[in-house]
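Asks: I'd like to ask you about the structure that follows.
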Amino acid sequence: KSISIVINVIDFKYIDEMVSVFEKNLVPYELLVSKDNILEEFCLFKGSASEIKDIKNKNVMCTNMESDILSECSSYKINSIKVMNHVGENLIFNIKNTLENGNIYFIDENYNNSKELSLCLKYIKSRGFDIVKINKLLE
């Protein structure tokens, strides 16, 4: 049983704290970022369809987090994924109620989620789930 977790980067206010929790627990994660914050390594993109043509990094995967851009990604041969499990608040509650094999969770970067993250990761592991990178989950 496996799931993936993506941090929806909002304002970088809590990102260091959240990344630290993942790293301390030896758990892989992905980042969902805007065009101006695309990294060299794999990341997920949120933004408008008009910004897609400017993406040069082919390790990017598009999401429909901000708008419906999945068809535009396809025209530029950029892989895409539909956001189904978006967690803005109440991280532990949401995970407990939706934890299923194959789910990808998009967790907002915010104070509450950063405080609940460590306990949430422990809960997921206690239920027998592995947390893996999206590419591994999709294999």
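Counting from 34, one number per residue, gives the positions in the sequence shown under the working numbering.
Positions of the beta carbon are idealized from the N, C-alpha and C atoms, including for glycine.
Closest to E50 by CA distance: which of N145, F139, S159, N70 is it?
Replies: Among N145, F139, S159, N70, the Cα nearest to that of E50 is on N145.
Asks: Less than 6 Å between C-beta atoms, sequence neighbours within five positions excluded: which residues of the same chain meet that for F78?
Replies: Contacts found: V93, C95.
Asks: Tell me the rounded alpha-carbon separation between N136 and E149.
Replies: Computed Cα separation, rounded: 19 Å.
Asks: To the nearest angstrom, report how far apart L132 and I88 are at their CA atoms.
Replies: Going by the C-alpha atoms only, they are around 33 Å apart.
Asks: Apart from the five residues just before and just after Y47, which ones in its own chain have a Cβ nearer than 7 Å to its Cβ?
Replies: Closer than 7 Å at Cβ, skipping near neighbours: E142, N143, Y144, S147.
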